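In the numbering used here, the protein residues as written are 626 to 891.
Even for Gly, the Cβ is constructed at its ideal location relative to N, Cα and C.
These figures come from a predicted structure and were not determined experimentally.
These notes concern the structure reproduced below.
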Amino acid sequence: MNTRKNRHPAFLLFFLILVLLTSCRPDDGCTIDPKAPKLVASSPYDNLNAEDIQYLTDRYGLPKSTLDAITITDDASKETLGNTILAWQHDRMKLTDPNTQADVSYPMRWNYIMPGIYPVTEMIRQRSMTDASQTKLYGVCWDFAAVFSALAIHYGLGEGTDVRITAWKKYMSDEMDGNQRLGADYGMSPDEYRALSERLKANDLYFPECQIQDAAVETYIHYRPEIYMDGAWVSFDATSPNEEYQNAPYELVLYSDGANTVLCII
């Protein structure tokens, strides 16, 4: 389990920049096609297959043989699985910020309003960087939680019963000068919309920028994965949270919680 105390400074920098990116609202003259196709929502983290596991092994050093040897029979085996994934994430995942990776928050933000638009099976192939001479999978706290959950589910834990994702349901924007309102802020930068448009196009979808601007909502300040053991949910957070983040009030988040039904079908 994660007992490391220092918070990565890029984490808070990321949220500062994210709030600045989401500071605009759409124009009033938004033309929307009510008959436009919608995304069929799905869990972003329940679809890893053998090919994905081999890819993670070859590219990011996932300890496949160790994971393959774990049979989930009791809480001890759950803990072994969780600690094995956690150790790998500490070694081969990188918590970063927009100064390093401009798209770092995209899966978290897009999957919140359109669940499944950027699944883990695609994240692992498109979000790599070199750090300390190693190829690492980069992301924010949500990426760590999603990848952990995807692996845990693949290796035998039940989604929602054995493993889940929780969030500290607080918004960074509420603590900043110039905040739009109490609660989540809305908006999306032009660069992010262009990137999202490419992903929508690949799924035979199109939504105008004004519509996406209206739907894009600020996500929570921190996400983490948990495993149910010994009658309680236990955190397996590889982002090295400080004491404040470790002890914050966390609540369950379902993959469909933020789904915008104008954009997707639940």
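Return helix, strand or coil for residue i, following the three-state DSSP convention.
{"i": "Ile-790", "result": "strand"}
{"i": "Cys-649", "result": "Bear in mind that a pLDDT of 43 at Cys-649, under 50, signals an unreliable position, so the model cannot answer this."}
{"i": "Leu-882", "result": "Just to set this straight, residue 882 is Asp in the shown sequence, not Leu. Residue state, collapsed to three classes: coil."}
{"i": "Val-745", "result": "helix"}
{"i": "Arg-849", "result": "strand"}
{"i": "Leu-877", "result": "strand"}
{"i": "Tyr-811", "result": "strand"}
{"i": "Ala-840", "result": "helix"}
{"i": "Ile-738", "result": "helix"}
Please tell me whether residue i and residue j are closer than 9 Å, where the distance is taken between their beta carbons.
{"i": "Pro-732", "j": "Ser-667", "result": "no"}
{"i": "Val-745", "j": "Pro-669", "result": "yes"}
{"i": "Ile-657", "j": "Cys-835", "result": "yes"}
{"i": "Trp-735", "j": "Leu-821", "result": "yes"}
{"i": "Tyr-763", "j": "Ser-753", "result": "yes"}
{"i": "Ala-757", "j": "Asp-862", "result": "no"}
{"i": "Ala-840", "j": "Ile-742", "result": "no"}
Per DSSP, which residues does residue i bridge with? Please list them.
{"i": "Met-854", "result": "Ala-857"}
{"i": "Cys-835", "result": "In DSSP, Cys-835 forms no bridge with anything."}
{"i": "Cys-889", "result": "Leu-664"}
Please tell me whether residue i has its Cβ less than 9 Å away from any Cβ of chain D.
{"i": "Asp-816", "result": "Going by chain labels, chain D is absent from the structure shown, which holds only one protein chain."}
The stretch 719–737 contacting the stretch 679–699, beta-carbon criterion three pairs below 8 Å: no
Three CB pairs or more closer than 8 Å across the stretch 839–846 and the stretch 699–710: no
Length at least 4, wholly inside the stretch 659–735: the alpha helix (DSSP H) runs in chain order: 675–685, 689–693, 700–717
Segments assigned alpha helix (DSSP H), at least 4 residues, entirely inside the stretch 753–801: 766–779
Contact between the stretch 789–796 and the stretch 875–882 (3+ Cβ pairs under 8 Å): yes
The stretch 827–842 / the stretch 778–789 touching (three or more Cβ pairs under 8 Å): no
The stretch 680–692 / the stretch 707–721 touching (three or more Cβ pairs under 8 Å): yes
Cβ pair count under 8 Å reaching 3, the stretch 805–817 against the stretch 850–859: no
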